[in-house]
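Quick notes on the structure that follows.
Chains as they are written, first to last, in the numbering used here: chain A, 1149 to 1244; chain B, 194 to 582.
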């Protein structure tokens, strides 16, 4: 199953990549492959913007505008004029 | 030294040399008896491990029937918000100073999956305070995160229990955890384990290496099916408001509100509503890959319209009242189904924030326009019903 996303939310700087393979390890959708001691985002259309790769890249080779792909969170954010936010920790029992 | 109120304005607080001086409770080491009395009623509790560094509660790797029932409840109601356990250090089997440390969230379903997967092993479990939320959601919010992990490592003093510096985290915790920062601040190196706890044995057998299959998040029909009760639960409360509104609309007569006639169009509206909820919250999730288009709003619209048309062709329930009523029902309920399906993005394993934002940007104006058009059609239908048209 594939979804869609804006192309500018995910950036990869190959020059900074040391080929440690951390991004391959953390990505839940198999976006990266290691080729010639460098990570290559071969499936970037599968990226769900979770931000795991960027958070764990020690060399700053990756940036992701990360967030939860949840309509309720986006709508709540729109209504409150804030960033997307879900009520996961609230007492209402509603959660992403 | 006794605590004395200090009059000097430049030095409002006197130094404390003893905890007893400030009236705080003195630091007391926890004994096995304390742990037993705290956890003895917990279903997972099997005893206390007396490690050289201190006593630790030992957990069962069996899931009892009552726990399975609780798992089902947690999938269907707000019970899941209370389904948590105390953060801290736990023991599986009789762990030694060389045993692995597995980190998880303090949501019971996460914890239960982990302890079940550790059957037959000796290991430590470090439970983080994620406010009772599962690993992936908590990582997305940052509560299963770098700061909490560092704090929990320090609070439990886990380095006294083990001689190694390795932590195994669930892969889905990675969006919240900066492994480099954790290593710098605590000395612990993070290995990300498999996505699913059930693969842990295999992960260890392969030399602490998660292969492609273990790292990949799926979204099978079974995965989608277990989410349906919660989707319906969230709609349930709005359903009562809707039924009241539908009956009120049907009862509206030039002479006033007459409930004697309310059942004719009220019955159609309530049927439409049930069909729509089924289309948006049951059929769409179950048949997700088979409904065309990637957009959830479109998928939900398609399944909603299809379900309504099938109902109309087999019963004639909507056109029976008037063509205006039929059109209004078709527009309004197709859009409601679309909206319900759009809400399902929050439960999926693959939707992106920028994609959802784009869907909302395009669908919200359609929802608002559709709501107005259908409202006007409902009014026209009512006027024609009264014979003024």
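Just so you know, even glycine gets a beta-carbon here, dropped at the ideal spot from N, CA and C.
| query | result |
| --- | --- |
| Closest to residue 576 of chain B by CA distance: which of B/445, B/464, B/465 is it? | B/445 |
| Using a C-beta to C-beta distance shorter than 9 Å, which residues of chain A count as neighbours of residue 257 of chain B? | Chain A residues near residue 257 of chain B: none, gap ~24 Å exceeds 9 Å. |
| Looking at residue 530 of chain B: is its Cβ nearer than 8 Å to the Cβ of residue 438 of chain B? | no |
| Please look up how many angstroms separate the CB atoms of residue 296 of chain B and residue 319 of chain B, rounded, as I've assumed it's under 8 Å. | 5 Å |
| Determine the contact status of residue 534 of chain B and residue 477 of chain B, defining contact as a CB-CB distance below 8 Å. | yes |
| Does chain B have any CB closer than 8 Å to the CB of residue 1164 of chain A? | no |
| Would you decide whether residue 243 of chain B is buried or exposed? Buried here means 16 or more other CB atoms lie within 10 Å of its CB. | exposed |
| Would the beta-carbon of residue 271 of chain B be found less than 7 Å away from any heavy atom of the ligand GTP? | With respect to the ligand GTP, the structure offers nothing, as it holds no ligand at all. |
| Got a sec, what are the start and stop residues for the beta strand (DSSP E) residue 384 of chain B sits in? | 382 to 385 |
| Kindly indicate the opening and closing residues of the alpha helix (DSSP H) around residue 508 of chain B. | 489 to 508 |
| Report the residues of the segment 475 to 495 of chain B with a CB closer than 7 Å to any CB of chain A, ordered along the chain. | 481, 482, 487 |
| Helix, strand or coil, according to DSSP, for residue 581 of chain B in the structure here? | coil |
| Just how far apart, CA to CA, sit residue 450 of chain B and residue 520 of chain B? | 24 Å |
| Please list, in chain order, all residues of the same chain as residue 564 of chain B whose beta carbon is under 8 Å from its beta carbon, the five residues on each side excluded. | 525, 528 |
| Measuring only between beta-carbons, confirm whether residue 214 of chain B sits less than 8 Å from chain A. | Note that residue 214 of chain B scores 46 on pLDDT, short of 50, meaning its location in the model is unreliable and no value can be drawn from it. |
| Give a yes or no on contact between the segment 377 to 386 of chain B and the segment 501 to 519 of chain B, applying the rule of three or more CB pairs nearer than 8 Å. | no |
| For the putative contact between residue 584 of chain B and residue 364 of chain B, defined by C-beta atoms under 8 Å, what is the C-beta separation to the nearest angstrom? | Beyond the ends of chain B as shown, which are 194 and 582, falls residue 584 of chain B; an answer cannot be given. |
| Which residues does DSSP pair with residue 446 of chain B in a beta bridge? | B/449 |
| Using a 10 Å radius around the Cβ and a threshold of 16 neighbouring Cβ atoms, would you call residue 532 of chain B buried or exposed? | buried |
| Should residue 413 of chain B be flagged as near chain A, meaning a C-beta pair shorter than 8 Å? | no |
| Under the three-state reduction of DSSP, which class applies to residue 422 of chain B: helix, strand or coil? | helix |
| Under 8 Å Cβ-Cβ, which residues of chain A neighbour residue 371 of chain B? | 1203, 1204 |
| Would residue 1242 of chain A pass as an interface residue toward chain B - the criterion being a Cβ-Cβ separation below 8 Å? | Low confidence applies here, because residue 1242 of chain A scores a pLDDT of 45, under 50, leaving its location unreliable; read the following figure in that light. Closer than 8 Å to some Cβ of chain B, the Cβ of residue 1242 of chain A qualifies, so yes. |
| In whole angstroms, give me the CA-to-CA distance for residue 1231 of chain A and residue 329 of chain B. | 19 Å |
| What are the boundary residues of the alpha helix (DSSP H) that residue 1173 of chain A is part of? | 1170 to 1174 |
| At what residues does the alpha helix (DSSP H) containing residue 1222 of chain A begin and finish? | 1219 to 1228 |
| Check each candidate in B/371, B/427, B/546, B/235 and name the one with the smallest Cα separation from residue 301 of chain B. | B/235 |
| Taking the alpha helix (DSSP H) that residue 532 of chain B falls in, what are its first and last residues? | 516 to 536 |
| In chain B, what lies closer than 7 Å to residue 1174 of chain A by C-beta? | 364, 367, 385 |
| Can you pull the chain A residues whose beta carbon is under 9 Å from the beta carbon of residue 514 of chain B, in chain order? | Simply none; closest approach about 32 Å. |
| Quick check on DSSP: helix, strand or coil for residue 1207 of chain A? | coil |
| Just how far apart, CA to CA, sit residue 331 of chain B and residue 337 of chain B? | 5 Å |
| List, in order along the chain, the chain A residues whose C-beta lies closer than 9 Å to that of residue 551 of chain B? | 1152, 1153, 1154 |
| Check residue 555 of chain B in the structure and name its three-state DSSP category. | helix |
| Rounded to whole angstroms, what's the CA-CA distance from residue 1185 of chain A to residue 542 of chain B? Just pull it up for me. | 29 Å |
| For residue 469 of chain B, name the three-state secondary structure that DSSP assigns. | helix |
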